[in-house]
Amino acid sequence: MDILYFAWVRERIGVPRERIESSAVTVAGLVEELRTREDRYAAAFADLSALRVALDQELSDFDAPLDGVREVAFFPPMTGG
Amino acid sequence: MRVSVQEDRFELGVEAEAFAQANNKSGAIVTFTGIVRDADQGGLVAMEIEHYPGMTLRALTDIAQSAMDRWSLGDALVIHRYGRLAPGEQIMMVATASRHRKDAFEAAEFLMDYLKSRAPFWKKEILADGAEDWVASKDEDETALTRW
């Protein structure tokens, strides 16, 4: 699936998007998998309460299932307006 | 209803006038404009606004449609910019048209509250000393949504 990062999450990870093969069942599972990969992921995902997630461009939750999802996006709380 | 996500600047007067003309039977038009503010008082060089291109237009359209469904509106307009903006530049505007002012005011406030916390934009302040700061979300912005 495609993983997208925005704002400071993108800066900590170092890329705006990447394609990842994962067998994680939920978003939380995917985060755990990424955290163990490299320090930059651990740094970006250190505090999940500071993050939001969108699945296929719809805001979602960290316990949401990833079944059939093509695009996961991680970002800080939005600051529009 | 019109929603625009754009890098280009817009003319507030032109947009407001066009909206008012298109809704001249409405009775009430409310417009709100967000301006890049120098919170650091002299230290801000630019505001960089990042967004999630695949999601932004749909998110804004959903928010605008919710306002149309919830209040008795004749029309609604949302313009939101992204990219690098200078202090004093317009970031965004909303406009609402209704028969009576209460609907237009409330719907405009609803739009603003949802744009703050549910539209996929992030702001970074570029300061004169070279420092860069992501604007943090505020708890009260999230709390503001509970009143709707």
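Chains as they are written, first to last, in our numbering: chain A, 8 to 88; chain B, 261 to 408. Ideal placement from N, C-alpha and C gives every residue a C-beta, glycine not left out. This one's a predicted model, so the numbers in the text were calculated from it and none came from an experiment.
task = Would you kindly report the start and end of the unbroken beta strand (DSSP E) that includes B/A334?
result = By one-based count along the second sequence, residue 334 of chain B stands at place 74. A small correction: the amino acid at residue 334 of chain B is Gly; Ala does not occupy that position in the sequence shown. From DSSP, the beta strand (DSSP E) with B/G334 extends over L333 to R341.
Spatially closest choice to B/L304 from B/A388, B/S264 and B/L405, by CA coordinates = Residue numbering aside, residue 304 of chain B sits at position 44 when the second sequence is read from its first letter. Checking every option, the nearest Cα to that of B/L304 belongs to B/A388.
request  = Using three-state DSSP, classify B/T316 as helix, strand or coil.
outcome  = Indexing the second sequence from 1 puts residue 316 of chain B at position 56. It is helical.
query = Whose Cβ in chain E lies nearer than 7 angstroms to the Cβ of B/M307?
reply = As a matter of chain content, chain E is missing from the structure shown, whose protein chains are A and B.
request  = Go to B/T356, then tell me how far its beta strand (DSSP E) extends in each direction, as first and last residue.
outcome  = Walking along the second sequence from the start, residue 356 of chain B turns up at place 96. Looking at the DSSP string, the run of the beta strand (DSSP E) that includes B/T356 is Q350 to S358.
task = Anything in the stretch 296 to 328 of chain B with a Cβ closer than 7 angstroms to a Cβ of chain A? List those residues in chain order, please.
result = For chain A, the residues of the stretch 296 to 328 of chain B that bring a beta carbon within less than 7 angstroms of one of its beta carbons are E310, Y312, G314, M315 and R318, in chain order.
Residue range of the beta strand (DSSP E) that includes B/Q266 = Taking the second sequence and counting its residues from 1, one reaches residue 266 of chain B at position 6. If you look at B/Q266, you'll find it in the beta strand (DSSP E) that goes R262 to Q266.
request  = Run down chain A in chain order and give the residues with a C-beta less than 9 angstroms from the C-beta of B/R378.
outcome  = For this step, residue 378 of chain B is matched to residue 118 along the second sequence. Result: L66, M85 and G87.
inquiry  = Quick check on the DSSP output: the alpha helix (DSSP H) that includes B/K376 runs from which residue to which?
reply    = One-based indexing of the second sequence puts residue 376 of chain B at position 116. For B/K376, the enclosing alpha helix (DSSP H) has its first and last residue at R361 to R378.
task = Throw me the rounded Cβ distance for the B/A357 and B/L333 pair, which I believe falls under 8 angstroms.
result = Along the second sequence, read from residue 1 onward, the residue named residue 357 of chain B stands at position 97. Along the second sequence, read from residue 1 onward, the residue named residue 333 of chain B stands at position 73. With 8 angstroms as the limit, B/A357 and B/L333 qualify as a contact, their Cβ atoms being about 6 angstroms apart.
task = Kindly identify the DSSP beta-bridge partner or partners of B/G294.
result = Residue 294 of chain B sits at position 34 when you count from the first residue of the second sequence. Bridge partners of B/G294: B/M352.
Selection of the stretch 364 to 389 of chain B by Cβ proximity to chain A, strictly under 8 angstroms = Taking a C-beta cut-off of 8 angstroms against chain A, the contacting residues of the stretch 364 to 389 of chain B are M372, L375, K376, S377, R378, A379, P380, F381, W382, K383 and K384, listed in chain order.
query = Given B/T316, which residues of its chain have a CB within under 6 angstroms of its CB, disregarding the five upstream and five downstream residues?
reply = Working through the second sequence from its first residue, we reach residue 316 of chain B at position 56. Apart from sequence neighbours up to five positions away, the residues of its chain that approach B/T316 with a beta-carbon distance below 6 angstroms are V265 and P380, ordered along the chain.
inquiry  = So, at 8 angstroms on beta carbons, what are the nonlocal neighbours of A/L66 in its own chain, with the 5 sequence-adjacent residues on each side left out?
reply    = In the first sequence, the residue the question calls residue 66 of chain A occupies position 59. Excluding five sequence positions before and after A/L66, the CB atoms of its chain that fall closer than 8 angstroms to its own CB belong to R59 and V60, given in chain order.
task = Would you verify that the beta carbon of B/W394 is, or is not, closer than 7 angstroms to some beta carbon of chain A?
result = Within the second sequence, numbered from 1, the residue matching residue 394 of chain B stands at position 134. Closer than 7 angstroms: yes.
key: Short-range partners of chain A found in the stretch 342 to 353 of chain B, where Cβ spacing is below 9 angstroms   = Within the stretch 342 to 353 of chain B, the residues whose Cβ lies closer than 9 angstroms to some Cβ of chain A are I351 and M352, listed in chain order.
query = In chain B, which residues lie less than 8 angstroms from A/A61 when you measure between Cβ atoms?
reply = Residue 61 of chain A sits at position 54 when you count from the first residue of the first sequence. By Cβ distance, chain B contributes Y312, M315 and P380.
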